[in-house]
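Chains as they are written, first to last, in this note's numbering: chain A, 168 to 318; chain B, 168 to 318. No residue lacks a Cβ here, since even glycine has one placed at the ideal position from N, Cα and C.
2 protein chains.
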Amino acid sequence: MTPGGLEPLDQAIVQELAADGRRSFTDLAERVGLSVSAVHQRVRRLEQRGVILGYTARLDGEQIGLPLTALISLTPNDPAAPDDYPQRIQHIKEIESCYSVAGDESYILLVRVQTPLALEDLLRRIREAAKVSTRTTVVLSTPFEGRSPTF
Amino acid sequence: MTPGGLEPLDQAIVQELAADGRRSFTDLAERVGLSVSAVHQRVRRLEQRGVILGYTARLDGEQIGLPLTALISLTPNDPAAPDDYPQRIQHIKEIESCYSVAGDESYILLVRVQTPLALEDLLRRIREAAKVSTRTTVVLSTPFEGRSPTF
DNA sequence: TCTGAAAACTCGTGAGT
DNA sequence: ACTCACGAGTTTTCAGA
């Protein structure tokens with residue numbers, strides 16, 4: 168169980184911030200048993216090393232007007248074309264995540280839009296920008312999402 | 168363009184917090200053009216209404232010792248069984264997100280583990296807990312993930 | 001890399017418009 | 001619903017071990 172390249176103290180800090188990204192240094196210091204300034208230094212170092220990539224508010228898609236979530240699989244039209252798909256589609260704001268995958272398809276995208284019509288338009292833009300075929304799986308509901316990892 | 172059930176001011180606040188979940192109220196106040204306490208009130212209300220579900224640090228899977236990401240599709244073994252799959256698998260910590268989907272499969276899971284062996288073990292636990300068949304797509308790389316939505 | 005202390009800044013609340 | 005004001009708490013920096 169555990170060691171994954173990260174010191175126990177850093178691991179504890181990172182886990183606390185994954186669970187609550189707005190936890191104060193004072194609070195973190197108590198939980199991990201260090202002084203406030205030691206925690207401060209460690210968090211800054213974790214940010215600089217790229218262990219912590221950033222902080223975000225998790226939002227309810229329904230309530231922010233993006234009720235339709237979908238997973239889109241991408242298959243290149245021309246298998247010989249250079250593999251620069253992420254670059255070609257990164258400007259498309261509706262794409263939240265992009266995974267390069269092993270399997271029948273090359274990429275899987277997670278997208279959020281307002282309406283079915285917006286999804287149709289999005290698919291057209293993705294196909295044109297990346298010269299790919301798409302296969303779309305609509306998300307009906309999200310039992311849970313973005314839970315913080317345990318390690 | 169825009170109105171999705173959220174006031175422009177709330178929209179601006181929420182967008183700032185999606186981009187940087189640790190932004191201070193002072194900072195937010197300047198950006199949206201309100202007093203600090205007005206922003207404070209609005210953020211509290213957004214949290215209570217469930218528009219903001221929480222805050223998290225985004226972490227680098229490689230660096231925290233969970234380098235292997237996978238997408239797992241679930242198909243019920245017994246199509247007549249009650250649909251309580253999320254409940255049956257929510258205790259499994261490696262599962263970060265769970266989507267109920269339209270299509271050939273019933274659910275798609277996003278998971279993170281240390282090693283191929285840990286993935287094998289995880290699949291066994293999922294199949295046993297939920298009485299499902301699984302189809303696994305291994306993530307080779309993540310060009311981008313968890314980008315904040317624009318709305 | 002840690003601690004402790006001081007200064008600057010931010011939070012959180014309450015009163016008032 | 002917003003602003004202003006104030007005390008409490010937090011962040012940030014620095015010297016020293």
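In this structure Leu307 of chain A is exposed. Its beta-carbon is surrounded by fewer than 16 other beta-carbon atoms within 10 angstroms. Distance from the CA atom of Ile275 of chain B to the CA atom of Thr309 of chain A, rounded to whole angstroms, is 10 Å.
For a Cβ distance threshold of 9 Å, residue set Thr304, Val305, Val306 and Leu307 of chain B lies close to Ala269 of chain A, ordered along the chain. The three-state secondary structure of Thr317 of chain A, taken from DSSP, is coil. Ile239 of chain B is outside the set of residues whose beta carbon lies under 8 Å from a beta carbon in chain A. The segment 179-195 of chain A makes no contact with the segment 194-205 of chain B, as fewer than three CB pairs between them are under 8 Å. Contact annotation: Pro253 of chain B and Val299 of chain B have beta-carbon atoms that are not nearer than 8 Å.
Sixteen is the threshold: when 16 or more other Cβ atoms of the shown chains lie within 10 Å of the Cβ of Asp177 of chain A, as they do, the residue is buried.
For Ile275 of chain B, at least one C-beta of chain A is nearer than 8 Å to its own C-beta. Residue state for Thr193 of chain A is assigned as helix, using DSSP reduced to three classes. Beta-bridge annotation (DSSP): Pro243 of chain B is paired with B:Val299. If you draw a straight line from the Cα of Ser315 of chain B to the Cα of Arg279 of chain B, it is about 21 Å long. Annotation for Ile219 of chain B: the continuous beta strand (DSSP E) segment containing it runs Ile219 to Leu226. The C-beta of Glu197 of chain A comes no closer than 8 Å to any C-beta of chain B. Between the segment 230-241 of chain B and the segment 281-300 of chain B there are three or more C-beta pairs closer than 8 Å, enough to call the two in contact. Residue-level contact check: Ser300 of chain B does not touch chain A, since none of the beta carbons of chain A fall below 8 Å from its beta carbon.
Shown here, Ala185 of chain A sits in a helix according to DSSP, grouped into three states.
Nearest CB-CB separation between Gln230 of chain A and chain B: below the 8 Å threshold. Sequence-ordered contacts of the segment 213-227 of chain A with chain B read Arg216, Gly217, Val218, Ile219, Leu220, Gly221, Tyr222, Thr223, Ala224, Arg225, Leu226 and Asp227 [C-beta pairs closer than 8 Å]. Just measuring C-alpha positions, the residue of A:Pro249, A:Leu213, A:Pro234 and A:Val218 sitting nearest Leu286 of chain A is A:Pro234.
At a beta-carbon threshold of 9 Å, the residues of chain A lying near Thr317 of chain B are Lys260 and Glu261, ordered along the chain.
Residue range Val203 to Gln215 is occupied by the alpha helix (DSSP H) that includes Glu214 of chain B.
Against chain B, the beta carbon of Pro253 of chain A has neighbours under 8 Å at Pro310 and Phe311, listed in chain order.
Using a CB distance cut-off of 8 Å, Ala205 of chain A does not count as an interface residue toward chain B.
Short of 7 Å from the beta carbon of Thr282 of chain A, and not among the five residues preceding or following it, lie these beta carbons of its own chain, in chain order: Leu235. Counting only Cβ-Cβ distances below 8 Å, Ser264 of chain B has contacts in chain A at Thr309, Phe311, Glu312, Gly313 and Arg314, in chain order.
Under the Cβ criterion of 8 Å, Asp288 of chain A is not counted among the residues facing chain B.
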